[in-house]
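Below is one structure; the comments refer to it alone.
Protein chains: 4
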Amino acid sequence: MPVYKETIATRWADNDIYGHVNNVAYYSFFDTVINRYLIANGLDIHQGQVVGFMVASECRYLAPVAYPDNVHIELRVTKLGNSSVTYALQLFNHEQELAAEASMTHVFVDRRTNKSTPIPQQLREALAKLRTTNE
Amino acid sequence: MPVYKETIATRWADNDIYGHVNNVAYYSFFDTVINRYLIANGLDIHQGQVVGFMVASECRYLAPVAYPDNVHIELRVTKLGNSSVTYALQLFNHEQELAAEASMTHVFVDRRTNKSTPIPQQLREALAKLRTTNE
Amino acid sequence: MPVYKETIATRWADNDIYGHVNNVAYYSFFDTVINRYLIANGLDIHQGQVVGFMVASECRYLAPVAYPDNVHIELRVTKLGNSSVTYALQLFNHEQELAAEASMTHVFVDRRTNKSTPIPQQLREALAKLRTTNE
Amino acid sequence: MPVYKETIATRWADNDIYGHVNNVAYYSFFDTVINRYLIANGLDIHQGQVVGFMVASECRYLAPVAYPDNVHIELRVTKLGNSSVTYALQLFNHEQELAAEASMTHVFVDRRTNKSTPIPQQLREALAKLRTTNE
């Protein structure tokens, strides 16, 4: 199965008053993993002509996670369009239990005009490698 | 129309490298507004027997917002169950343009057992006031 | 007394597991207020030739604050150099009790070269207005 | 030399509009490392009778760091009192360059009374192991 995996260490500030990682922080993990994959495959977040804007995101929380545990993220691509890509993310807690499932959609735009632009070829090939077959 | 409105000042750290409020920060605005409404209507986040766990969230990003602008949030309730509530949130930028639409679902649980529990009566009445009619 | 005042609404995520605003979040309030003042007085954080880099910061925490309370920040300037400025910040909780005192130092640099550069005249005049007399 | 070392992966949201890790985020790294050490040595952040409150923090920023790089933190203890401890922290960037130096002070208090309390013996011994000799 095509997948990109990364482990993220939770932080003290991720825990909320109820002692679990705040629901907001999950998205912070997800766009960290997504952009790390994009950067490793040619996206220049500082100067590049193309930038990725998030246009939609969603998450279902299935089991709590808490600092100081590590979480394990799996990244796949469920839809790869001309200028947009939809990611599927799964978050496993330190007991390897599926704790959250998410979807996020990037539209790539020109840095100067903010108009949507085709995904550069190198990025497209990298994203295609993560595409699930049950599309 | 039943609605709870709140203005939130963006923070320096909300902006990401692309100069806009990071997609993650929107959720931080939303659960700030939701919990502020719950607290004002009787939820004791420090000692209360009942706590709200987020089980699902989603957001569509329609227009960018950026620090240092204020954003305006409107909170409604689209579904009010026995122990769960689904919120609809709209975020307007400083030009009063709809910049994001979101949905978030709380399940209320007993603080000690983590088992779902009926929404306390005072909270339920407060949430019912925000219920949209087109349910 | 020359001073710039701003009220900041705390957020759900500011509270840590102990039920108080996390010590880290205070700095987030402070650089939000500082940059808001700089932006209102001509700093262009998106395109400007000059950017402010923080080179030092410190804070003493005197009394706890907690979401959902507002905090009130007072900003003064204790040192105004050629290319650097040191701010003094006081944070008052919702009972008007002094809850934290901080100091932060910006060095202004050229956006492209990262070399220190004189503070632009309009900014300098704005900062001079906040200068305390007991320097 | 007695020291506790930990590597932290930066996150997308750590970068600010200038493309570097925001000065605030450094403190988030630091209290993550400190508490991880305390938890590994017996601190129960959920139910323990003793909690650590930060009463002072400071940082000097020497070189920029940026997502997606890892940072390496070294934790030492410079002062170990009856109920308080002062930590020294050094942050090295991915090129092993010293990028920040910080100091943070915890006072341990009783969870219920908020009054300062002696550091529990197991924690004290763990902290003593990190004590620098040039005290």
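Protein chains in written order, with my numbering: chain E, 1 to 135; chain D, 136 to 270; chain U, 271 to 405; chain Z, 406 to 540.
For every residue, glycine included, the Cβ atom is placed at its ideal position computed from N, Cα and C.
Residues sharing a beta bridge with residue i, DSSP
i, result
"Arg60 of chain E", "E:Glu101 and D:Ala191"
"Ala412 of chain Z", "The question names Ala, but residue 412 of chain Z in the sequence shown is Thr. Partner(s): Z:His477."
"Phe243 of chain D", "D:Gly187"
"Asn150 of chain D", "D:Val156"
"Leu80 of chain E", "E:Val85"
"Ser116 of chain E", "E:Val109"
"Arg131 of chain E", "E:Val77"
8 Å Cβ cutoff met for residue i and residue j
i, j, result
"Tyr161 of chain D", "Ala237 of chain D", "yes"
"Ser84 of chain E", "Pro118 of chain E", "no"
"Leu400 of chain U", "Pro272 of chain U", "yes"
"Pro338 of chain U", "Ile174 of chain D", "yes"
"Tyr331 of chain U", "Val460 of chain Z", "yes"
"Ala414 of chain Z", "Asp151 of chain D", "no"
"Arg36 of chain E", "Glu58 of chain E", "no"
"Arg124 of chain E", "Gln49 of chain E", "no"
"Phe164 of chain D", "Leu226 of chain D", "yes"
"Leu350 of chain U", "Val303 of chain U", "no"
"Val71 of chain E", "Asn93 of chain E", "yes"
"Thr133 of chain E", "Thr105 of chain E", "no"
"Val294 of chain U", "Asp436 of chain Z", "yes"
"Val244 of chain D", "Val186 of chain D", "yes"
Opening and closing residue of the beta strand (DSSP E) in which residue i lies
i, result
"Thr221 of chain D", "Ser219 to Phe227"
Per-residue contacts from residue i into chain E (C-beta, under 8 Å)
i, result
"Ala191 of chain D", "Glu58, Cys59, Arg60 and Tyr61"
Amino acids of chain D, ordered along the chain, whose beta-carbon sits closer than 7 Å to that of residue i
i, result
"Arg281 of chain U", "Ser163 and Thr167"
Under 7 Å by beta carbon: chain Z residues contacting residue i
i, result
"Asn150 of chain D", "Asp421 and Ile422"
"Pro118 of chain E", "Within 7 Å Cβ-Cβ: nothing; Pro118 of chain E doesn't reach chain Z, min ~23 Å."
Within chain U, the residues that residue i reaches when beta carbons sit closer than 7 Å
i, result
"Ile208 of chain D", "Correct list: empty, because the minimum Cβ distance to chain U is about 11 Å."
Interface residues of chain Z facing residue i [CB-CB closer than 8 Å]
i, result
"Pro2 of chain E", "Going along chain Z, no residue has its Cβ under 8 Å from Pro2 of chain E, so there is no contact; the nearest lies around 21 Å."
"Pro64 of chain E", "Going along chain Z, no residue has its Cβ under 8 Å from Pro64 of chain E, so there is no contact; the nearest lies around 12 Å."
Residue i - containing alpha helix (DSSP H), residue span
i, result
"Arg529 of chain Z", "Gln526 to Ala533"
Within-8 Å CB hit, residue i to chain B
i, result
"Leu397 of chain U", "The structure shown has no chain B; the protein chains it does contain are E, D, U and Z."
Exercise for the section: Select from the region 80-105 of chain E all residues with a C-beta closer than 7 Å to any C-beta belonging to chain U, and list them in chain order. Expected result: none
Handout entry: Residues within the region 152-174 of chain D neighbouring chain E, beta-carbon criterion of under 7 Å
Key = Ile152, Tyr153, Asn158, Val159, Tyr162, Ser163 and Asp166
Practice task
Can you give me, in chain order, the residues of the region 40-54 of chain E that have a beta carbon less than 9 Å from any beta carbon in chain D?
Solution key: Ile45, His46, Val51, Gly52, Phe53 and Met54
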